[in-house]
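Protein chains in written order, with my numbering: chain G, 317 to 431; chain X, 17 to 133.
Step one of this worksheet: look at the structure below.
This is the structure in structure tokens:
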């Protein structure tokens, strides 16, 4: 069985602070994919990143960066210099190649960025 | 293409009534998924289609739920004899089958929020 744990229910930061959202996953598969999605108040889940289990290189995209560590089964997401527009619920998700891309989601972390 | 469209965005109904939600996926996507999201939780998989074939249904999908994708394009999700526990956001997503190349990226719609009184 697959499981994704996002232990942080809610995080509040002041604009321009850096913030890290934690994601810990469980799977018995050797080949799997990890995702992060953003869900703003409008409700639509917005894709941020996909990472496969064989690629442990960290990735940076603008103010966003991801730290994938297989040794600790973690795929953490950092926002640098947060902005009010980053306020949303962020979901980490997991799938393997045999499940037709069905995603197992964590419970999400609500990020509130204030001025 | 404007993405995945869902209709209606909001539905309020009385317990025992039937409701139907529609999803229009991205046109070139052959896979279509339904998820349910309750307050404070992540989305949970309900079912998915590859073209017009419904290939998997979650145990969450009781007999009162039925989904169709008649021509491999749009899909409908019907809930019969609604119960208060059915209150949730119903999310539709679509994606392309990548075969052995790995997991595809799902594009989600904005969801249909159901409130059962």
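Positions of the beta carbon are idealized from the N, C-alpha and C atoms, including for glycine.
Asked, Found
"Under 8 Å, Cβ to Cβ, is there at least one residue of chain G near residue 68 of chain X?", "no"
"For residue 30 of chain X, is the classification buried or exposed, using 16 other Cβ atoms within 10 angstroms of its Cβ as the cut-off for buried?", "exposed"
"Pick helix, strand or coil for residue 56 of chain X, following the three-state DSSP scheme.", "coil"
"Within its chain, find whatever has a CB closer than 6 Å to the CB of residue 431 of chain G; leave out the 5 residues flanking it on each side and keep chain order.", "331"
"Using DSSP with H/G/I as helix, E/B as strand and the rest coil, what is residue 401 of chain G?", "helix"
"Determine whether the Cβ of residue 144 of chain X lies closer than 8 Å to any Cβ atom of chain G.", "Limits of chain X in this structure are 17 at one end and 133 at the other, which puts residue 144 of chain X out of reach."
"Between residue 352 of chain G and residue 359 of chain G, what straight-line distance do the alpha-carbon atoms span, to the nearest angstrom?", "15 Å"
"Take every Cβ of the stretch 89-97 of chain X, pair it with every Cβ of the stretch 39-52 of chain X, and state whether three or more of those distances are shorter than 8 Å.", "yes"
"Just to confirm before moving on: does the CB-CB distance between residue 420 of chain G and residue 409 of chain G stay below 8 Å?", "yes"
"Does the count of Cβ pairs from the stretch 317-326 of chain G and the stretch 377-387 of chain G closer than 8 Å reach three?", "no"
"Compare the C-beta of residue 407 of chain G with all C-beta atoms of chain X and state if any pair is closer than 8 Å.", "yes"
"Please name the residues in the stretch 33-55 of chain X whose beta-carbon is closer than 9 Å to at least one beta-carbon of chain G, in chain order.", "47, 49, 51 and 53"
"Can residue 83 of chain X and residue 98 of chain X be called in contact, C-beta distance under 8 Å?", "no"
"Shortest alpha-carbon distance to residue 105 of chain X belongs to which of X:111, X:73 and X:28?", "X:28"
"Return the Cβ separation of residue 412 of chain G and residue 371 of chain G in integer angstroms, given the expectation that the two are a contact with Cβ distance under 8 Å.", "The Cβ separation is near 15 Å, so there is no contact."
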